[in-house]
Amino acid sequence: MPKHLRTCQDLTRDEIWKIFELAKDLKEKQKSGQSHKLLDGKSLAMIFQKPSTRTRVSFETAMTQLGGHALYLSSTDLQLSRGESIEDTARTLSSYVDGILARVFDHYDIVKLAENSSVPVINGLSNDFHPCQALTDLFTIWEKKGTPHQNFGGRLTIAFL
845 MPKHLRTCQD LTRDEIWKIF ELAKDLKEKQ KSGQSHKLLD GKSLAMIFQK
895 PSTRTRVSFE TAMTQLGGHA LYLSSTDLQL SRGESIEDTA RTLSSYVDGI
945 LARVFDHYDI VKLAENSSVP VINGLSNDFH PCQALTDLFT IWEKKGTPHQ
995 NFGGRLTIAF L
């Protein structure tokens, strides 16, 4: 079963810190002009039920910088608008791509995508969770201020409004 990012609870603390260390390393290499093609030859289907400038541009740019390819799919590009189930969409897309990002209205769509996909599903925003934004915010805090243990007395609360 693939590793999905439906909510932040899908990651352990250790996994989060490993992701942050890798992101910091890649960010430093990018600034110094070093190429890093960790996703060379990989493709990411990006399902957008609702538009977003930042999510689309950041994921497309990241995929390109990492050597992969992102495919933008709006609601009108998919058969969902013509009656295909989210389960069938997950199975079909996962037979072609290496990962699926979804920005949806209903979190249940993320759950169904993950249950029926043979590749990782990333929640790019649902009505209940925005794990990419939460992790990005936490990464920025960590990068600027250190770990919560170091500078927040071991406590840090982040609220999604």
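Residue numbering for the sequence shown follows the numbering used here, starting at 845 and increasing by one per position.
No residue lacks a Cβ here, since even glycine has one placed at the ideal position from N, Cα and C.
All of these numbers come straight from a predicted model, not from anything done at the bench.
Rounded to the nearest angstrom, the gap between the Cα atoms of Tyr916 and Lys886 is 14 Å. In the DSSP assignment, Ser918 falls within the unbroken beta strand (DSSP E) covering His913 to Ser918. In this structure Asp953 touches Ile930 by the C-beta definition: roughly 5 Å separates them, less than 8 Å.
For Val901, there is no enclosing beta strand (DSSP E); the residue is found in the alpha helix (DSSP H) stretching over Thr897 to Gln909.
The Cβ atoms of Asn971 and Phe949 sit closer than 8 Å to each other.
Ala934 and Pro975 have their C-alpha atoms some 20 Å from each other. Distance between Arg926 and His880, taken at the CA atoms: about 40 Å. Excluding its 5 nearest sequence neighbours in each direction, Ser938 has C-beta neighbours in its own chain below 7 Å: Ile944, Ser961, Ser962 and Val963, listed in chain order. Asn960: member of the alpha helix (DSSP H) spanning His951 to Asn960, first to last residue.
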